Amino acid sequence: MSAKQKVDTRVTVETPEGVDFQFMIAGPGKRGMSFFIDAIIKVGFGVLAFLVFAFASGVSGSVSGVAGGAMLFIWFLMSWLYGSCFEAFWHGQTPGKKSQNLRVVRTNGTPIGWFEAFGRNLLLVPDGMLVLGPIALNTVGLASMAATSRMQRLGDLVFDTMVIDETREFISRTPGIIHGIERIPRAHCVGRFHVPERTLAVIERLFEGDRLISAGRREEIARTLAVPLKKHLGYDDGGPDAANPNAYFVRTPTQHTDFLKRILKTFAEDSAGTDEQSVKVDVKAVLEESRRTTMNAVLARRAEANRVAGEPSDNVALEDSTVADEFESLEFVEEVDESTNGGHPEDWRSKL
Amino acid sequence: MNRERFIRQRRSDWQQFEGLLNRMKGHRLSRWSGRDITRLSQLYRSICYDLSLVQSREWGARLEQYLNDLVAQGHNCLYRSPPRSLDTALSFLSDGFPALLRRRKNFFFVALALFLIPFLAAMVTAAIDPVLAERLVDQEHLEQAASSYENELYKDVDSKYAEERTMMTGFYVWNNVGIAFRCFALGAFFGIGTVVTLLFNGLTLGTVTGYLIYKGCTDNFFSFAISHGSFELTAIVIAGAAGLLLGWGMIHPGEHSRVQSLRIHGVEAVKLAAGAGFMLVVAALIEGYFSPMAIPHAVKYAVGTMLWGVVYVYLMYGGRGGVDVAMSLVDRAGTGKATANRQPAAVSVVESSV
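Line by line, the protein sequences are chains P and F.
Numbering-wise (my numbering), the first sequence opens with residue 1 and increments by one.
Numbering-wise (my numbering), the second sequence opens with residue 1 and increments by one.
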């Protein structure tokens, strides 16, 4: 990872399962916002406590000492233990962080412990310092964040923590992008009628909704993909129709983009109702069949073993269920009805 | 496997995983059922596999990110820090903290020197020549200190006492613990901030003490300060030691890389600071309610000396396991039940003193 130049703020963490996954590091903007919200809560709570105690002493006339003591104690808790306690007991979040979807974790992705939470909040003192001047402008912390790849302030560096952004963004293909697009007929291609998955993925990225690309630029990019693809497929669009050449030339400014859309329509979209469906049913039947035979064989073997061991045969009935459990994993996953799961983020197909 | 078929086949698992995660996040750890945990970890592992498959085949950024989010959430759900209990905190205060301090005693002694030398120097100077004292500390402050120790603080334990002392206890917690924490945290500037804080506090306190000696309020002042001074002064020095440790981790990484060294020293340092904070809260309670009591000074000196002894025993013997050995001997002698709620002596002594 270190060799690659990074353009975003993701950090890769390897799980014990050996899989790399990524966290998004939170930048100074969101962290500043959460800091601000926390500060308001702290001060607000302090002022509220003050008002309550002031009111109480006003009513009874003589509680002022106790009230003042409690007030100072609350102020102590707010200024030194607010962040630590929330982060320690609330899985790395304070109310401010929660509002911004931020979370403090260790740099290996695991949640932070007591001492890390406590320590990184104590180090807000040096982090909050402006190098020259009396007002806390977090200059030290900001400088430290700018200098480190995980945007860690001093408190994060010392205690090996980072602040991650848990906002989940669903990048999805602009809905309806291949609506009304025709498939590429098999007959128009003389080459191999197949587009590799990776190429399809690249094309999909070109149409992702979060990309700000003008139609002209997209056409330019599409050209570099479309020309070799046409060659690969041996596709020939036949040129302008002699009867109505206008329709052909109207399309010219977006011809490559359109072609890629047709590729998506043809190869990326699930071809329901084609011969693939029938193959699938066969697979299901075959799997079911093989499962049954294997299960029978296992059952027979166990029954045999039990008979040899001289155990009562009604044990087999008990075994039945465990064997069935073992074969649970073999069971063919039922096809999910696309129309019923509306909220699924990956289910962009339903929007098409 | 085709991408479409892959999604279709695995989606039910992903949805189940999401549902399970949402359900389990709402509950506390102790209320998770065994079956849910088993299912969750099964699904988690299979989704890890899905993610690596999608990554290696480059099946699109969206799918990858979706699975990445699932894995991240599952990871955060399954790999938690161990559950924390009051027991851990208590055993840290009774055993871990003194043991750690003894292991890092060099830092304690350096911090002690940084505090004590200017303290003694300023005290002697101010006691001999109060004009010099006024150069170090505001005259107003000195006068105020002198006037407050000219007479006994209180004649009686009454409601006025309770009120004012509660107020002052709150103030001591807020002020002193704040000073200690700041003293530690400023160690992040290569220890310089800590050194300055220690020197400054030593000078100021020494000057005020010297001035009070000059004014002749010695008895009133020392009988007041001796009791809580045991915990308070020791804790300030310990907080200084924590700051120095943190700075040392930056200056002298030794065999580690600088970042590693910072982490190792940082965790130890914050533990010392936490222990110092605890001691200062104890000190604030003593200072708030016991120190100014209207009782004979001899009693205060006796109790104060005893408290210094308590601090010494706590820091020297806490976490050595000597108590356990003694208890096991008692056990062997016949009382078998004692093991159940055995508690290190230091904590019970400290608690009883509070």
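Glycine included, C-beta positions come from ideal geometry on N, C-alpha and C.
The structure presented is a predicted model; accordingly, all values stated were derived computationally and were not measured.
Inset, instruction - Tell me whether Thr161 (chain P) sits in a helix, a strand or coil according to DSSP, three-state version. - result: As a working mapping, residue 161 (chain P) is identified with position 161 in the first sequence. Strand, per DSSP.
Inset, instruction - Within 10 angstroms of the Cβ of Asn68 (chain F), are there 16 or more other Cβ atoms? Answer buried if so, exposed if not. - result: In the second sequence, residue 68 (chain F) corresponds to position 68, counting from 1. Asn68 (chain F) should be labelled buried.
Legend entry - Per-residue burial, His228 (chain F) [other beta carbons within 10 Å of its own, 16 or more giving buried]: If you number the second sequence from 1, residue 228 (chain F) lands on position 228. Answer is buried; the Cβ neighbour count reaches 16.
Inset, instruction - Check each residue of the region 21-44 of chain P: if its Cβ is closer than 7 Å to any Cβ of chain F, include it; give the result in chain order. - result: Phe21, Gln22 and Phe23
Inset, instruction - Using a Cβ-Cβ cut-off of 9 Å, state whether Leu122 (chain P) counts as contacting chain F. - result: Reading the first sequence from its first residue, position 122 is the one you call residue 122 (chain P). So yes, Leu122 (chain P) belongs to the interface.
Legend entry - Partner residues on chain F for Val125 (chain P), Cβ-Cβ distance less than 9 Å: Within the first sequence, numbered from 1, the residue matching residue 125 (chain P) stands at position 125. Result: Phe181, Arg182, Phe184, Ala185, Leu186, Ala188 and Gly193.
Inset, instruction - Taking only the alpha-carbon atoms, compute the straight-line gap between Ala242 (chain P) and Tyr248 (chain P) and give it to the nearest angstrom. - result: Locating residue 242 (chain P) in the first sequence gives position 242, counting from the first residue. Locating residue 248 (chain P) in the first sequence gives position 248, counting from the first residue. So the two alpha carbons sit approximately 10 Å from each other.
Inset, instruction - Could you spell out the range, first to last residue, of the alpha helix (DSSP H) harbouring Gln255 (chain P)? - result: In the first sequence, residue 255 (chain P) corresponds to position 255, counting from 1. Taken as a continuous stretch (DSSP letters only), the alpha helix (DSSP H) holding Gln255 (chain P) covers Gln255 to Ile263.
Inset, instruction - Take every Cβ of the region 153-170 of chain P, pair it with every Cβ of the region 93-113 of chain P, and state whether three or more of those distances are shorter than 8 Å. - result: yes
Legend entry - 9 Å Cβ cutoff, Met162 (chain P) in contact with chain F: Translated into the one-based positions of the first sequence, residue 162 (chain P) becomes position 162. Chain F, which has no Cβ nearer than 9 Å to the Cβ of Met162 (chain P), makes this no.
Inset, instruction - Identify whether Ala218 (chain F) lies in helix, strand or coil by the three-state DSSP scheme. - result: To locate residue 218 (chain F), count along the second sequence from 1; it is residue 218. The residue you asked about is not Ala; residue 218 (chain F) is Thr in the sequence shown. Three-state result, Thr218 (chain F): helix.
Legend entry - Sequence-distant residues of the same chain with beta carbon closer than 6 Å to Leu132 (chain F), five excluded per side: Along the second sequence, one-based indexing puts residue 132 (chain F) at 132. Same-chain partners within the cutoff: Thr125.
Legend entry - Phe118 (chain P) versus Leu124 (chain P): straight-line alpha-carbon distance, rounded: Stepping through the first sequence from its first residue, residue 118 (chain P) is reached at position 118. Stepping through the first sequence from its first residue, residue 124 (chain P) is reached at position 124. Rounded to whole angstroms, Phe118 (chain P) to Leu124 (chain P) spans 10 Å at the Cα level.
Legend entry - Assigned exposure category for Tyr149 (chain F) - 16 Cβ within 10 Å defines buried: For the purposes of this step, residue 149 (chain F) is taken as the residue at position 149 of the second sequence. The residue in question, Tyr149 (chain F), is buried, as its Cβ has 16 or more Cβ neighbours within 10 Å.
Inset, instruction - Starting from the C-beta of Thr274 (chain P), find all residues in its chain whose C-beta is less than 7 Å away, skip the five residues before and the five after it, and write them out in chain order. - result: Position 274 of the first sequence holds residue 274 (chain P). Confidence at Thr274 (chain P) is low in this model, with a pLDDT of 37, below 50, so its placement is unreliable and no value can be given for it.
Inset, instruction - Mind the definition here: the region 285-294 of chain F touches the region 163-172 of chain F only if three or more C-beta pairs lie below 8 Å; say whether that holds. - result: yes
Legend entry - Collapsed DSSP secondary structure at Glu268 (chain F) in the structure displayed: Taking the second sequence and counting its residues from 1, one reaches residue 268 (chain F) at position 268. In this structure, Glu268 (chain F) counts as helix in the three-state DSSP scheme.
Inset, instruction - With a 10 Å radius around its C-beta and 16 neighbouring C-beta atoms as the bar for buried, classify Arg31 (chain F) as buried or exposed. - result: In the second sequence, residue 31 (chain F) corresponds to position 31, counting from 1. Exposed, because fewer than 16 other Cβ atoms sit within 10 Å of the Cβ of Arg31 (chain F).
Legend entry - Members of the region 173-204 of chain P near chain F, C-beta cut-off 9 Å: Arg173, Glu197, Arg198, Leu200, Ala201, Val202 and Glu204
Inset, instruction - Answer yes or no: does any C-beta atom of chain F fall closer than 9 Å to that of Met71 (chain P)? - result: Taking the first sequence and counting its residues from 1, the one referred to as residue 71 (chain P) is at position 71. Yes, its Cβ sits closer than 9 Å to a Cβ of chain F.
Legend entry - Through-space distance from Ile181 (chain P) to Gly239 (chain P), alpha-carbon basis: On the first sequence, residue 239 (chain P) is found 239 positions in, with the first residue counted as 1. On the first sequence, residue 181 (chain P) is found 181 positions in, with the first residue counted as 1. Distance between the alpha carbons of Gly239 (chain P) and Ile181 (chain P) is about 18 Å.
Inset, instruction - Consult DSSP for Met24 (chain P) and reduce its assignment to one of helix, strand or coil. - result: For the purposes of this step, residue 24 (chain P) is taken as the residue at position 24 of the first sequence. Strand at Met24 (chain P).
Legend entry - Span of the alpha helix (DSSP H), counted from its first residue to its last, around Leu81 (chain P): Looking up residue 81 (chain P) in the first sequence gives position 81. That residue, Leu81 (chain P), is in no alpha helix (DSSP H); it is neither H nor E in DSSP.
Legend entry - Identified DSSP bridge partners for Pro130 (chain F): Counting from 1 along the second sequence, the entry for residue 130 (chain F) is found at position 130. DSSP lists no partner for Pro130 (chain F).
Legend entry - Contact with chain P by His252 (chain F), beta-carbon distance below 9 Å: In the second sequence, counting from the first residue as 1, residue 252 (chain F) sits at position 252. By this cut-off, His252 (chain F) is not an interface position.
Legend entry - Inter-residue spacing [alpha-carbon to alpha-carbon] between Gly353 (chain P) and Glu163 (chain F): What the structure shows of chain P is the stretch from 1 to 352, and residue 353 (chain P) is not part of that stretch, so it cannot be assessed.
Inset, instruction - Check whether the region 94-103 of chain P touches the region 38-47 of chain P, counting contact only when three or more Cβ pairs, one atom from each stretch, lie closer than 8 Å. - result: yes
Legend entry - Contact list for Tyr79 (chain F) against chain P, beta-carbon separation under 7 Å: Locating residue 79 (chain F) in the second sequence gives position 79, counting from the first residue. Residues of chain P passing the Cβ test: Thr110.
Inset, instruction - Would you mind giving the Cβ-Cβ distance between Arg103 (chain P) and Ile164 (chain P), rounded to the nearest angstrom? I have them listed as a contact below 8 Å. - result: To locate residue 103 (chain P), count along the first sequence from 1; it is residue 103. To locate residue 164 (chain P), count along the first sequence from 1; it is residue 164. That pair is a contact at about 6 Å.
Legend entry - Among F:Cys217, F:Trp174 and F:Ser147, nearest to Ala284 (chain F) - alpha-carbon criterion: Taking the first residue of the second sequence as position 1, residue 284 (chain F) is located at position 284. Comparing Cα positions, the closest option is F:Trp174.
Inset, instruction - For Leu137 (chain P), name the three-state secondary structure that DSSP assigns. - result: To locate residue 137 (chain P), count along the first sequence from 1; it is residue 137. Here Leu137 (chain P) sits in coil by DSSP.
Legend entry - In DSSP terms, what Val105 (chain P) is bridged to: Numbered from 1 along the first sequence, position 105 holds the residue referred to as residue 105 (chain P). Val105 (chain P) pairs with P:Pro111 and P:Met162.
Inset, instruction - Please report how far the alpha carbon of Tyr82 (chain P) lies from the alpha carbon of Phe181 (chain F), in whole angstroms. - result: In the first sequence, counting from the first residue as 1, residue 82 (chain P) sits at position 82. In the second sequence, counting from the first residue as 1, residue 181 (chain F) sits at position 181. The alpha-carbon atoms of Tyr82 (chain P) and Phe181 (chain F) are separated by roughly 14 Å.
Legend entry - Cβ-Cβ distance between Trp59 (chain F) and Glu208 (chain P) below 9 Å: Counted from its first residue, the second sequence places residue 59 (chain F) at position 59. Counted from its first residue, the first sequence places residue 208 (chain P) at position 208. No, they are not a contact pair.
Inset, instruction - May I ask you to report which of helix, strand or coil DSSP gives Ser350 (chain P)? - result: Reading the first sequence from its first residue, position 350 is the one you call residue 350 (chain P). In this predicted model, Ser350 (chain P) has a pLDDT of only 40, less than 50, meaning its place in the structure is not dependable; the value taken from the coordinates is given anyway. If DSSP states are grouped into helix, strand and coil, Ser350 (chain P) belongs with the helices.
Legend entry - Neighbour flag for Glu87 (chain P) against chain F, beta carbons, 9 Å: Within the first sequence, the letter at position 87 stands for residue 87 (chain P). It does not: the Cβ of Glu87 (chain P) has no partner Cβ on chain F nearer than 9 Å.
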